[in-house]
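Engineer: Residues in the sequence shown are numbered consecutively from 1, following this note's numbering.
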Amino acid sequence: MNPLIEQFVSSKRIAVVGMSRSGKKFGNMAAKELKAKGYEIYPVHPDAVEIDGFTCSPNLQSLTGKIDGVWISIPPKNVSPVLEEAAQIGLKNIWLQQGAWSAEVQQTIDQLNLPVVSKKCIMMYAPPVKSVHKFHRTIVGIFGGL
Numbered sequence: 001m002n003p004l005i006e007q008f009v010s011s012k013r014i015a016v017v018g019m020s021r022s023g024k025k026f027g028n029m030a031a032k033e034l035k036a037k038g039y040e041i042y043p044v045h046p047d048a049v050e051i052d053g054f055t056c057s058p059n060l061q062s063l064t065g066k067i068d069g070v071w072i073s074i075p076p077k078n079v080s081p082v083l084e085e086a087a088q089i090g091l092k093n094i095w096l097q098q099g100a101w102s103a104e105v106q107q108t109i110d111q112l113n114l115p116v117v118s119k120k121c122i123m124m125y126a127p128p129v130k131s132v133h134k135f136h137r138t139i140v141g142i143f144g145g146l
């Protein structure tokens with residue numbers, strides 16, 4: 001397994017950037033699944049105080065010392081400021097969910113020299129991997145993609 005992926009999934013205190021107050025985003029589902037898998041989840045939302053029973057923080061800086069990594073599932077146009085904040089607090093354990101990456105985001109990653117897992121689904125790697133996610137991971141392992 002990729003060492004960056006291994007490091008991320010072995011971390012247990014994860015900030016989640018990408019939950020919505022409506023509860024209808026992938027970030028909400030991922031946060032619930034990660035919690036069920038034993039991860040401590042710390043949602044980051046600039047406006048919400050609470051989402052789906054989780055207490056939210058307005059930014060990563062307010063979580064300093066509590067988190068091992070950040071999982072990001074927001075539109076690419078909003079990702080670079082999150083990466084810049086992660087770099088400011090010295091966070092080196094970052095996962096960009098599929099759909100959060102773009103060429104511009106990659107430029108920020110390169111400029112900040114951040115180790116980032118990108119263009120991969122966390123559910124295919126966070127143990128235990130079950131059901132359709134296990135199948136997808138097997139297919140990616142065999143064919144290199146879906």
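Yeah, the Cβ is synthetic: ideal placement off N, Cα and C, and Gly gets one too. If you're wondering where the values come from, they're calculated on a predicted model, not measured in any experiment.
For ALA126, count the other beta carbons within 10 Å of its own beta carbon; 16 or more makes it buried, fewer makes it exposed. Which is it?
Structural biologist: Numbered from its first residue, the sequence shown carries residue 126 at position 126. Its Cβ being crowded by 16 or more others within 10 Å, ALA126 is buried.
Engineer: In terms of DSSP beta bridges, what is ALA15 paired with?
Structural biologist: Within the sequence shown, residue 15 is the residue found at index 15, counting from 1. DSSP lists TYR42, VAL70 as partners of ALA15.
Engineer: Please tell me whether ASN28 and ASP52 are closer than 8 Å, where the distance is taken between their beta carbons.
Structural biologist: The residue given as residue 28 occupies position 28 in the sequence shown. The residue given as residue 52 occupies position 52 in the sequence shown. The answer is yes: Cβ separation under 8 Å.
Engineer: Under DSSP, the alpha helix (DSSP H) around LEU112 begins and ends at which residues?
Structural biologist: Numbered from 1 along the sequence shown, position 112 holds the residue referred to as residue 112. 103-112 is the span of the alpha helix (DSSP H), which, as asked, contains LEU112.
Engineer: Taking the C-alpha atoms as reference points, what is the distance between LYS49 and TYR42?
Structural biologist: Along the sequence shown, one-based indexing puts residue 49 at 49. Along the sequence shown, one-based indexing puts residue 42 at 42. A quick correction: the sequence has Val, not Lys, at residue 49. If you take the alpha carbons of VAL49 and TYR42, they lie about 12 Å apart.
Engineer: Pull up the distance between the alpha-carbon of THR108 and that of GLY38, whole angstroms please.
Structural biologist: Position 108 of the sequence shown, counted from the start, is the residue given in the question as residue 108. Position 38 of the sequence shown, counted from the start, is the residue given in the question as residue 38. When rounded, the distance between both Cα atoms is 31 Å.
Engineer: Does the distance from the CB of ILE89 to the CB of GLN61 come in under 8 Å?
Structural biologist: Position 89 of the sequence shown holds residue 89. Position 61 of the sequence shown holds residue 61. Yes, these two residues count as a Cβ contact at 8 Å.
Engineer: On a CA-only basis, which of PRO128, MET1, LYS25 is nearest PRO75? Give me that one, please.
Structural biologist: The sequence position of residue 75 within the sequence shown is 75, counting from 1. The shortest Cα separation from PRO75 among PRO128, MET1, LYS25 belongs to LYS25.
Engineer: Which value, in whole angstroms, describes the spacing of the CA atoms of MET1 and GLY23?
Structural biologist: Here residue 1 is taken as the residue at index 1 of the sequence shown, counted from 1. Here residue 23 is taken as the residue at index 23 of the sequence shown, counted from 1. Roughly 32 Å between the two C-alpha positions.
Engineer: Do ILE14 and TRP71 count as a contact pair if the criterion is CB distance below 8 Å?
Structural biologist: Stepping through the sequence shown from its first residue, residue 71 is reached at position 71. Stepping through the sequence shown from its first residue, residue 14 is reached at position 14. Yes, these two residues count as a Cβ contact at 8 Å.
Engineer: For LYS134, which residues of its own chain have a beta-carbon under 6 Å away from its beta-carbon, when the five flanking residues on both sides are left out?
Structural biologist: Taking the sequence shown and counting its residues from 1, one reaches residue 134 at position 134. Because the pLDDT of LYS134 is 46, which lies under 50, any placement of that residue in the model is unreliable, and the number read from its coordinates should be weighed accordingly. Cβ within range, chain order: n/a, list empty.
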